[in-house]
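2 protein chains.
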Amino acid sequence: MVDRAKPGEQARTSAPGPRQPSLADVAGMAGVSHMTVSRVVNESGPVRPETRERVLAAVHKLGYRPNTAARTLVTGRSGTLGVVALESNLYGPASTLYGIENAAREAGYGIAICSVTRPGRTSIGDAVESLRSQAVEGIVVIAPHVTAGRALAAVPGDIPVVAVGGGESAPVPVISVDQYDGARRATEHLLALGHRTVWHVAGPEDWLEARDRERGWRETLERRGLRVPAVVRGDWSPRSGYEAGRALVGKRGLKAVFSANDQMALGLLRAFTEAGIRVPEDVHVAGFDDVPEAAYFNPPLTTVRQDFIEVGRKTFGLLEDRMAGGDVRARHLVPAELIVRESTGPR
Amino acid sequence: MVDRAKPGEQARTSAPGPRQPSLADVAGMAGVSHMTVSRVVNESGPVRPETRERVLAAVHKLGYRPNTAARTLVTGRSGTLGVVALESNLYGPASTLYGIENAAREAGYGIAICSVTRPGRTSIGDAVESLRSQAVEGIVVIAPHVTAGRALAAVPGDIPVVAVGGGESAPVPVISVDQYDGARRATEHLLALGHRTVWHVAGPEDWLEARDRERGWRETLERRGLRVPAVVRGDWSPRSGYEAGRALVGKRGLKAVFSANDQMALGLLRAFTEAGIRVPEDVHVAGFDDVPEAAYFNPPLTTVRQDFIEVGRKTFGLLEDRMAGGDVRARHLVPAELIVRESTGPR
DNA sequence: ACCAGGACTGTTAGCGTTAACACGACCTCG
DNA sequence: CGAGGTCGTGTTAACGCTAACAGTCCTGGT
Chain D
2 MVDRAKPGEQ ARTSAPGPRQ PSLADVAGMA GVSHMTVSRV VNESGPVRPE
52 TRERVLAAVH KLGYRPNTAA RTLVTGRSGT LGVVALESNL YGPASTLYGI
102 ENAAREAGYG IAICSVTRPG RTSIGDAVES LRSQAVEGIV VIAPHVTAGR
152 ALAAVPGDIP VVAVGGGESA PVPVISVDQY DGARRATEHL LALGHRTVWH
202 VAGPEDWLEA RDRERGWRET LERRGLRVPA VVRGDWSPRS GYEAGRALVG
252 KRGLKAVFSA NDQMALGLLR AFTEAGIRVP EDVHVAGFDD VPEAAYFNPP
302 LTTVRQDFIE VGRKTFGLLE DRMAGGDVRA RHLVPAELIV RESTGPR
Chain E
2 MVDRAKPGEQ ARTSAPGPRQ PSLADVAGMA GVSHMTVSRV VNESGPVRPE
52 TRERVLAAVH KLGYRPNTAA RTLVTGRSGT LGVVALESNL YGPASTLYGI
102 ENAAREAGYG IAICSVTRPG RTSIGDAVES LRSQAVEGIV VIAPHVTAGR
152 ALAAVPGDIP VVAVGGGESA PVPVISVDQY DGARRATEHL LALGHRTVWH
202 VAGPEDWLEA RDRERGWRET LERRGLRVPA VVRGDWSPRS GYEAGRALVG
252 KRGLKAVFSA NDQMALGLLR AFTEAGIRVP EDVHVAGFDD VPEAAYFNPP
302 LTTVRQDFIE VGRKTFGLLE DRMAGGDVRA RHLVPAELIV RESTGPR
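So the sequences go chain by chain: D and E. Quick note: the first sequence uses the working numbering, first residue 2, plus one each step. Quick note: the second sequence uses the working numbering, first residue 2, plus one each step.
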C-alpha cells in the first residue's frame, strides 16, 4: 500500500470515492431547492441576493461543477464543435485548426478533433461519424482533398458542416484562401522579372489546393500566350521537392520555378545548390505558404502568405451561421499575399 | 423561404425537425422493450438471433444513434480524453498531439483539445478547467514549460492527469523524450570531430526542454574538463537563431555549434552564410528535433530525432493506467536518436 | 380594502440511457 | 420428477439537469 496520501497532499489515485456533488447536494447545504441553485448557476431567473450568496457559498464549499452530460441530455446542446483534420501535422492544417479553436473557445465552445491520415471517402466519413457520436453541434472538415467533396456529400444533412479548402462542388459552405489568385500573383511576379516562362512543381493531383495553384500558374501563362512547361509533381514533402529539383536541373531555359509549397521549394533549393545552380543568380524560385522558416531559407524564399488565423475565424463564423439555421452555401475566399524575398531578388 | 429542399436533396438547414430516434422508438418498431435494444446495441447480455435481426433492422431503418450524453450521465464515463497543448503549431507539440490522438482513437476514446498560447499558471489551469467541464475522463498536458509544474500542482486530484515533457517536480506522471541524453549525444558527436569546445544556442529559459538540452550540453563539456562558452539564447524561432548566429560570428574559436532546435539551426545557417562562414567547412552545426525539412537544409542538418508517435503512444498508455486507478508517478523516457548529416560532415 | 401583477421559490415531469432485479421458459442433472 | 441453472426478455429506478408550471409573498394602484 504505497498509496496512502501524506497529510496535506491530495490523493492522486482515481479511487471512486464520494461522487461529484450535484445540484441537490448544493441545495441541501444552502437550504433551498435544486431549482434555485440551477437559477443561480445559470443566471436564469430572479434570485434574492441574500439567497444567491448562500447558494454561491455552498457551491464554492462543495466544489460543485455542473454535469455537462445531464445538461446536454436535457437541452440537446453540447457546447462542442468537431473538427476533422487531414494531415494535421502539416503547417497549414495545424495553423487552421489553431485558428478555429481560438475563435470557438472565445464563443464558449469546446473542440473535439479527429485527424485522419490517409484521405478517402470512408475515413472522412468515419471521422465525421466518430465526432457525431461525441454529440458535437457542428463540424468543420479541414480536408482540401478531392475525395472530401464526395465524402461530404455522403454526410447526413442533419448536422451543420462547413469545409475548409474544399472544392467548389462540395455540398456545404466552403472557406478557403484564394489559392488561384495566390498562384497567379507568384507567377506574375516571376514573369515581371523578365522570364519567358515559369516552371511549376505541383502538389499531389488529388489535393484541391494543388489543383488551384497549378491552375493559377497555368492560366497566367496561357493568358499571356506563353509556353506552359510540363509540371513536375511532388507530394508536398521536402524530399519530393528535392527530386523535382533534380529532374529540373538541366532543362533548357530554366530561369524561374514556382513551387506549390515552401517545403518542396526547400528541396528545390537543395537540389539546385548541389547541382551548382545559384538562386537567385541563375534561377528564381518562389513558394507557397510562408512557413516561419521560409524567411531563413538559403536564400530567403519569396512566397505566398496565407492568413490561417483569419481562415479559422471566418470558418467558425460560417459554422455559427449554419448552426443558427442559416442556409449559407457560398464559397468564401480569404485573400493571399505575396511576400517577396531574395530568392527572386536582383541578380 | 429559400429553404425548401428539392426532392432527393437533403434539407441542409438545421431545422429542429423530428428529434433523433431513441431506444424507445427502435423498441417500438421492433416490437421489443427498450432494454433488448440496448442489449443488442451494446452487445451486453444474451439476445435471440432472430430478435437481434429484427432490432438491427429497426436500428438501421430509423438511423438510430446512441445518445452519448444519456449514456455518460448514467455510466459516468464519457469516452473522451482532454489534451492541453501549448504552442500547438510548433512541430513537436503538433506531432505529439497527433500521436496521442491516434493511440486514443484506437482504444475507442475521443479527443477534446484546448490550446493555450501563452503559458502561465492561470492559462493551463483554465484549459484544464475547460476540459473538465467537457467531462473528459483524463487529461494530457503537453506543456514542457516550467510553469506547467506549478499549474499541474494546482489541478484538483480527482481527475487523472499525465504530462508530456514536464519537469521532474510535476506531481503527475511525466513522459518525455530523453532531452538530456539527446543533447549529450549531439555534443559528443561534435567533440568527436576534434573540436576543443562546442557553442550552444539555447531555447527559452522557461522551457524545460531547453533547460534539459542545455544541461546535457554543459555537463558533457564539464565532464571532459572543457571550456564552457556563454550560451546564446533564442526563442525557438528561426529568426532568433539568425540573431544568435550574428552574435556568434567572429567569436574566437567558433568551430562547432549545437542549436537547441532545428528552426534556430536554420537561422544560424543563414547568418553564417551571410557572413561568409561555410558549414561544414568552417563550422560544424547540429540541431534538435529532426523536422522533415532538416534533411534538406543547406547543408543537410545533423540533428537529434524525437519519436513523437512513440511518445504519444506511451502517454496514452500511462493515462490509461492512471484512469484504471494505478498510482504511477514515474518519469518515463523515450530515447533520442542522433542523425548525422552533412552539417557535421567531413571537411 | 381589493385585486393585478411582479418577485421569488418550489414541485413535477421528463431527457435517453444503463443497472439491477424479476420473471417465465427451458434444460440438465441427480 | 423436482431442484437449480441458464437463456431471453421485461420492468423499474436511477443519473443530474432544465422546462414548465404552481405557488407564496409583497407591492402598488384603484
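Glycine residues also receive a C-beta, built at the ideal position from the N, C-alpha and C atoms.
- The continuous beta strand (DSSP E) containing E/H333 extends over residues R332 to V335.
- Within the model, the alpha-carbon separation for E/P47 versus E/L57 is close to 14 Å.
- A straight-line Cα-Cα distance of about 14 Å links E/S131 and E/L153.
- In chain order, R185, T188 and E189 place their CB closer than 7 Å to the CB of D/T221, counting only its own chain and leaving out the 5 sequence neighbours on each side.
- Taken in chain order, the members of the stretch 88-102 of chain E whose beta-carbon sits within less than 7 Å of a beta-carbon on chain D are S89, N90, A95, S96, Y99 and E102.
- Not flagged as an interface residue toward chain E: D/Q307, since no C-beta distance is shorter than 8 Å.
- Burial is judged here by how many other beta carbons sit within 10 angstroms of a residue's own beta carbon; D/R49 has fewer than 16 and is exposed.
- At a cut-off of 8 Å, the C-beta of D/N299 has a neighbouring C-beta in chain E.
- Chain E places a beta carbon closer than 8 Å to that of D/I112, counting this residue as a contact.
- Between D/L209 and D/P281, the C-beta gap is not smaller than 8 Å, which leaves the two residues out of contact.
- Leaving aside the five residues that flank D/Y181 on each side, the residues in its chain whose CB is nearer than 7 Å to its CB run, in chain order, D213, R216 and G217.
- D/G268 reaches chain E at Y297, counting residues in chain order whose Cβ is nearer than 8 Å.
- Leaving aside the five residues that flank E/V199 on each side, the residues in its chain whose CB is nearer than 6 Å to its CB run, in chain order, T188, L191, A257 and F259.
- Burial check for D/P301: the Cβ neighbour count within 10 Å reaches 16 or more, so the residue is buried.
- The three-state secondary structure of E/G80, taken from DSSP, is coil.
- Put simply, the CB of D/Y243 is near chain E, with a gap under 8 Å to one of its CB atoms.
- The continuous beta strand (DSSP E) containing E/A257 extends over residues A257 to S260.
- When CB distances to chain D are screened at a threshold of 9 Å, the residues of the stretch 58-74 of chain E falling below it are G64, R66, P67, N68, T69, A70, A71, R72, T73 and L74, in chain order.
- Under DSSP, E/A25 takes part in no beta bridge, so it has no partner.
- By alpha-carbon distance to D/E244, the top candidate from E/T97, E/A296 and E/D26 is E/A296.
- If you draw a straight line from the Cα of E/A104 to the Cα of E/G277, it comes to about 47 Å.
- For D/A164, the enclosing beta strand (DSSP E) has its first and last residue at V162 to V165.
- Among the residues of chain D, none has a CB under 7 Å from the CB of E/P281; the nearest is roughly 14 Å distant.
- In the same chain as E/N262, and ignoring 5 residues on each side of it, the C-beta atoms closer than 7 Å to its own belong to G204, W237, G288, F289 and D290, in chain order.
- For the pair D/V163 and E/I340, the Cα-to-Cα distance works out to about 42 Å.
- Secondary structure note for E/H61: its alpha helix (DSSP H) is the uninterrupted segment P50 to L63.
- For E/Q135, a Cβ of chain D is located within less than 8 Å of the residue's own Cβ.
- With at least 16 other beta carbons inside 10 angstroms of its own, D/K315 counts as buried.
- Taking D/R55 as the centre and dropping the five residues before and after it, the same chain places the C-beta of A31 closer than 6 Å to its C-beta, in chain order.
- At the C-beta level, D/A70 and E/L24 stay beyond 8 Å of one another.
- Along the stretch 283-295 of chain D, going in chain order, the ones with a CB nearer than 9 Å to a CB of chain E are V292, P293, E294 and A295.
- By the Cβ-count criterion, E/R240 is buried, with 16 or more other Cβ atoms from all chains shown falling within 10 Å of its own Cβ.
- The closest CA to that of E/T81, considering only E/G111, E/G100, E/I140 and E/L91, is found on E/G111.
- The contact set of E/T274 on chain D, defined by CB atoms closer than 8 Å, consists of N299 in chain order.
- Interface flag for E/T81 against chain D is set, since a Cβ pair is found closer than 8 Å.
- The three-state secondary structure of D/T73, taken from DSSP, is helix.
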